[in-house]
Structure formats: C-alpha cells, structure tokens
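Asker:
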Amino acid sequence: MSLISSMYTGASGLDANSTDLSVIGDNIANSNTVGFKASRAAFADAMAEQLIGSGLGDSQIGLGVQLVTVQRIVTQGSLTTTGLATDLAIQGNGFFAVKGSHDGQSGLFFTRNGQFTVDNGGNLINQEGLTVQGYVADAAGKLATAPSDLKVGNSMSQPLATATISVQANLNSEDAVPAAFNVANPSGTSNTSNSVTVYDPAGGAHQVDIYYSKTAANAWAWNAVTVDTTGAPVVAGTGTLTFDPAGSGKLAAQTGTINVTYPNMAAAQAINVNFGDPTGGVPPGTGLLGVTQFAAPDGTAKMSQDGFSAGSLSHLSIDSEGKIEGAFTNGQTRLLGQIATALVPAADKMERVGGNLFSTTLQSGQATLGAPSTGGRGTLAAGALEQSNVDLANEFVRMISTQRAYQANGKTVTTADSLLVELMNIKR
Numbered sequence: 001m002s003l004i005s006s007m008y009t010g011a012s013g014l015d016a017n018s019t020d021l022s023v024i025g026d027n028i029a030n031s032n033t034v035g036f037k038a039s040r041a042a043f044a045d046a047m048a049e050q051l052i053g054s055g056l057g058d059s060q061i062g063l064g065v066q067l068v069t070v071q072r073i074v075t076q077g078s079l080t081t082t083g084l085a086t087d088l089a090i091q092g093n094g095f096f097a098v099k100g101s102h103d104g105q106s107g108l109f110f111t112r113n114g115q116f117t118v119d120n121g122g123n124l125i126n127q128e129g130l131t132v133q134g135y136v137a138d139a140a141g142k143l144a145t146a147p148s149d150l151k152v153g154n155s156m157s158q159p160l161a162t163a164t165i166s167v168q169a170n171l172n173s174e175d176a177v178p179a180a181f182n183v184a185n186p187s188g189t190s191n192t193s194n195s196v197t198v199y200d201p202a203g204g205a206h207q208v209d210i211y212y213s214k215t216a217a218n219a220w221a222w223n224a225v226t227v228d229t230t231g232a233p234v235v236a237g238t239g240t241l242t243f244d245p246a247g248s249g250k251l252a253a254q255t256g257t258i259n260v261t262y263p264n265m266a267a268a269q270a271i272n273v274n275f276g277d278p279t280g281g282v283p284p285g286t287g288l289l290g291v292t293q294f295a296a297p298d299g300t301a302k303m304s305q306d307g308f309s310a311g312s313l314s315h316l317s318i319d320s321e322g323k324i325e326g327a328f329t330n331g332q333t334r335l336l337g338q339i340a341t342a343l344v345p346a347a348d349k350m351e352r353v354g355g356n357l358f359s360t361t362l363q364s365g366q367a368t369l370g371a372p373s374t375g376g377r378g379t380l381a382a383g384a385l386e387q388s389n390v391d392l393a394n395e396f397v398r399m400i401s402t403q404r405a406y407q408a409n410g411k412t413v414t415t416a417d418s419l420l421v422e423l424m425n426i427k428r
C-alpha cells in the first residue's frame, strides 16, 4: 500500500467523521422540535486491497471508511402537557397522516408532530396548513368507513322539536274548586300553574303555561296556554288528572295532549304531557313520581321537556381512540369524527422531507391508515405533545468522540505527508 493510498484512507476518515458531526449537529439543533426523531450515521469499512505473494500469505489492507446510511431512530419521545384540546401525541406506534402541498410536493405525508388547529373552513390542520386525515361523522354521529380530510369546525347541532313535557309537582288536596277556567283570566280561574319553554321544529323557543283547576275531590283539570301567531293567548291543550280515591295522593289516571301551531308551521305540533306514572298504567306505576295530591302547598319541583334549539360548536374534546366530540351552545354533544393514524412497515426507512414530515419509500413500505389503538397502532393523548427523542448527553459524548476521530484521521494525512517529504529528500 502506497503512502498516497494512506493519505486517501485518512481523508475517508475525515469525510466520514465530518458527516457524523453534521448528523449530531442536526440532532442537537432539533432537540426541541416537537415529534422529531434523531438520526445516526452508520459506517462500514471500504473495500480492502488484496496483497498476494507478499511473503506474509494473502493479506488485506483496508482502504478507509464509507458511509452506509443515516439511520433514523424512531423510539418514543416523552410527552408534555399543553392543555390545548387540538394538541395530540401518539403513545406507541403510528404517525398522523396529513394531506396537501409541501415544498412543491403534493400528496399524503406523515408526522409525529400533533400541533393541530382548526382553520376558518372548519378543517383540522397542522401548522403548515396540511389537512389532517380521519373519519368524518355524519349528523347522526356515524363515522365514515374511508379516511378523508377531517372537517370538524363550523359544525351545527340541529334543533329538535319538543315531543314530551314532564312535570313533577304537588296539587294541594285542600284547595277549593275555582270558577270555570277562562283563558282571559287564567290565574283567577285556576288554583296553581307552572311554565316550561318548548321548541318548534325550527328550534324556535316558546313558553307554555299549564294551569291546574280543582273540579272535585281527587279530580283536577289542566289547561295549557300559549300564544297564537298574533300573540294572543290561546288554550293549546286540556285534560284531566284523577287521584287515588282513598286519599293517598297518588296519581291514578291522566288524559289530554297539547297541540300548538307557531309561525312557519304548516301543521300543528303535538306535545304529550307526562304528569307521572299513574297506578293504572302499563306496567302499573306507583303514582308518586310525577304530580301528587297531598295536603301541602301547591308547588312545582321540576319541569322538563325533550326539545332544544339549534346550536353552534363551542369546543372540542378528543379521547384516546381519536374520537372527536363537539359540545354545542344548546347543551348537546355529538361525535364529529375520528383521527386516523398510519402504520408503516419500516418506519426508519421513510424519507424526511422537512417540516416535521415524512413520506414513504420503497424501502419503508406503504402506510396503512386506521383508527388509533387498533391493529398495533398506539393510543392518543389529547392536550399533549411528543417531544424530540434526542438525548443531549449522548449527542455531546458522540460529538467528543467524533472530534477525536477527526483529529486522529487528520494525523494520518499529515504523517503520510511527512513521510512523502522524506521520500522526496532521498533524491537530494
């Protein structure tokens, strides 16, 4: 092996260790990059020179070192809590899938960085504007079977017309029988009343007042009063309440429904009134869970109904399976979608394209999308982010080792150069 060759051997070491230093520097620079995966340079000896008939038998002399690959380390990074509902971290295997254009490339990319937000179009996006992929839910909360752009913002909760009013109250058994009910003077022709807000099919809110008038021992009449399209009070429903003739105060029977017509309604809206569980019901009830008749002051314990107005999205919550639930201003909640995560057969062979993004290659294999916590995919942590998996202490030790190796290879070059000088001096 010539002195010239030994210089090139040393040069290969200089080149390899400078590459290693670049990888180490990149790791250190990204030690605070969310979802960053560290890399390491992998080296191998260069093709050896075969020496035959050297008197020492067949011998091989190495020709230096060469870079084999820069291997990506895809171990789990630690999680940090942020409190933001749209910040997500994967605990375990998998990547978030985002779609859009990045540095002139368009398509599907993958990332462990879960710093997401909702844009003005309602799409869940990353910080670069690429749309997160997932399974969108319809108005009934049913998830799609194929992944697509995940649109969760700007959702509305559709209104629901009132179908049933439920009453818990007491009617004083010692009340006197008033004059016949008159809608023009409802308070003066009844013993007591209660009110509830009901909703029409468009989500409009309307007040219904129910007036109770004693008609005989253990017998009462009720009248539901609302306003018509002109604003005048009208009786929208009437019925009777019959109590246990033994005087126990139990509700034995009830009759009557409410039919209301509000603006923009082509037909009347029927509303059932549940005054309790009459003892003669099917199955028989106790008669004590709704309206009762005890020798106690008239009073209402609870009025409720099953309708609600339209509502706009107020906030989001995401569970460990990536299901996104929306809470609306009308008090309702609904499933809006589910985050998709991708499994890649050889994740360390993916191509790094910048922006915390990766793309698949022939070596990595194709990604398969699915719901978190299925098929070996990790679970999600909402309100948290995965930090870089760079170990700074380890990188600094590697940096020192690389520096020493670089210096040593430099000595190989300078030593070979000194020997060449001596060789040139022989001619003198």
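So that you can map any letter, position 123 of the sequence shown is 123 in our numbering, and since no number is skipped, the others follow by simple counting. Ideal Cβ positions, reconstructed from N, Cα and C, are used throughout, including at glycine.
1) Between which two residues does the beta strand (DSSP E) harbouring Y262 extend?
2) CB S157 to CB N330, shorter than 8 Å?
3) Identify every run of the beta strand (DSSP E) within the stretch 54 to 108, keeping only runs that are complete inside it and at least 3 residues long; order them along the chain.
4) DSSP state of N17, grouped into three classes?
5) Between the stretch 312 to 319 and the stretch 209 to 223, are three or more C-beta pairs nearer than 8 Å?
6) When you compare each of T412, I61, M424 to G10 by their alpha carbons, which one comes out closest?
7) Can you tell me whether S101 is buried or exposed, with buried defined as 16 or more other CB within 10 angstroms of its CB?
8) For R377, count neighbouring C-beta atoms within 10 Å of its own C-beta (all shown protein chains included) and say buried if the count is 16 or more, exposed if not.
9) Give me the Cα-Cα distance between F36 and A381, rounded to the nearest whole angstrom.
10) Apart from the five residues just before and just after L289, which ones in its own chain have a Cβ nearer than 8 Å to its Cβ?
11) Between the beta-carbon of V273 and the beta-carbon of I125, is there less than 8 Å?
12) Would you tell me roughly how many angstroms separate the C-alpha atoms of L251 and V136, rounded to the nearest one?
13) Kindly list the residues whose CB is nearer than 8 Å to the CB of Q269, restricted to its own chain and excluding five residues on each side of it in sequence; keep chain order.
14) Quick one: what does DSSP say V421 is sitting in, helix, strand or coil?
15) With distance defined between alpha-carbon atoms, name the residue in N32, D26, V65, S39 nearest to D45.
16) Below 8 Å on the Cβ atoms is my contact criterion, and I expect T333 with E321 to pass it. Report the Cβ-Cβ distance as a whole number of Å.
17) Could you tell me which residues DSSP pairs with N170 in its beta bridges?
18) Per DSSP, which one or two residues make a beta bridge with Q254?
19) Are at least three pairs of beta-carbons, each pair with one atom in the stretch 228 to 244 and one in the stretch 333 to 350, less than 8 Å apart?
20) Report, in whole angstroms, the separation of the C-beta atoms of D430 and T402, which I expect to be a contact under 8 Å.
21) F43 lies in the beta strand (DSSP E); which residues open and close that run?
22) If I'm right that V344 touches I28 with Cβ under 8 Å, what's the distance once you round it to whole angstroms?
23) With DSSP collapsed to three states, give me the class of L3.
24) Exposed or buried, M350, counting other C-beta atoms within 10 Å across all chains shown (16 or more means buried)?
25) So the beta strand (DSSP E) A224 belongs to, where does it begin and stop?
26) Would you check whether the ligand MG has a heavy atom nearer than 7 Å to the C-beta of A393?
27) Assuming F96 and G114 form a contact by the criterion Cβ under 8 Å, report the distance between their Cβ atoms to the nearest whole angstrom.
28) So what does DSSP say about D277, is it helix, strand or coil?
29) What residues are listed by DSSP as bridge partners for I28?
30) Looking at L150 and T131, is the spacing between their C-beta atoms short of 8 Å?
31) Can you tell me whether DSSP reads S22 as helix, strand or coil?
32) Report yes if the C-beta distance between L385 and T80 is below 8 Å; otherwise report no.
33) With distances taken between CB atoms, is the gap from K214 to D175 smaller than 8 Å?
34) Got a sec? Which residues, its chain only, sit under 7 Å from N120 by beta carbon, not counting five neighbours each side?
35) N409 by DSSP, collapsed to three states: which one?
36) Bridge partners for R352 per DSSP, in chain order?
Answerer: The short version:
1) Unbroken run through Y262: none, as it is neither H nor E.
2) In this structure, N330 lies closer than 8 Å to S157 by Cβ.
3) Complete beta strand (DSSP E) runs here, min 3: 59 to 61, 65 to 72, 79 to 81, 88 to 91, 95 to 102.
4) Looking at N17 - three-state DSSP - the assignment turns out to be helix.
5) Three or more beta-carbon pairs separated by less than 8 Å are not found between the stretch 312 to 319 and the stretch 209 to 223, which leaves the two stretches without contact.
6) It is T412.
7) That one is exposed.
8) R377 is buried by the Cβ-count criterion.
9) Taking the straight line from one Cα to the other gives about 17 Å.
10) Taken in chain order, the residues that qualify are Q168, G276, D277.
11) Their beta carbons are not under 8 Å apart, which means V273 does not touch I125 by this criterion.
12) Whole-angstrom Cα-Cα distance: 48 Å.
13) Within the same chain, Q269 has close Cβ partners A161, T162, D200, P201, N259, V260, T261, Y262.
14) Judged by DSSP in its simplified three-state form, V421 adopts helix.
15) The shortest Cα separation from D45 among N32, D26, V65, S39 belongs to V65.
16) T333 to E321, Cβ: 16 Å. No contact.
17) Residue pairing by DSSP places N170 opposite T292, G299 in a beta bridge.
18) Answer by DSSP bridge pairing, in chain order: L241.
19) Two segments are said to touch when three or more pairs of C-beta atoms, one from each, lie closer than 8 Å; by this definition the stretch 228 to 244 does not touch the stretch 333 to 350.
20) Since the first residue of the chain shown is 1 and the last is 428, residue 430 is not available in this structure.
21) Residues 39 to 45.
22) Not quite, the Cβ-Cβ distance comes to about 26 Å (not below 8 Å), so this is no contact.
23) L3 falls in the helix class under three-state DSSP.
24) M350 is buried by the Cβ-count criterion.
25) Per DSSP, A224 belongs to the beta strand (DSSP E) from 219 to 227.
26) Questions concerning the ligand MG fall outside what the structure shown contains, since it holds no ligand whatsoever.
27) Their Cβ separation, rounded to whole angstroms, is 6 Å, which keeps F96 and G114 in contact under 8 Å.
28) When DSSP states are grouped into helix, strand and coil, D277 belongs to the coil group.
29) Per DSSP, I28 has no beta-bridge partner at all.
30) Yes, the Cβ-Cβ distance between T131 and L150 is below 8 Å.
31) DSSP places S22 in helix when its eight states are reduced to three.
32) Yes, they are a contact pair.
33) Yes, Cβ-Cβ distance for K214 and D175 is below 8 Å.
34) Shown here for N120: not one same chain residue has a beta carbon closer than 7 Å to its own, the five before and five after excluded.
35) DSSP places N409 within a helical segment (H, G or I) once states are collapsed to three.
36) The partner list for R352 (beta bridge, DSSP) reads F358.
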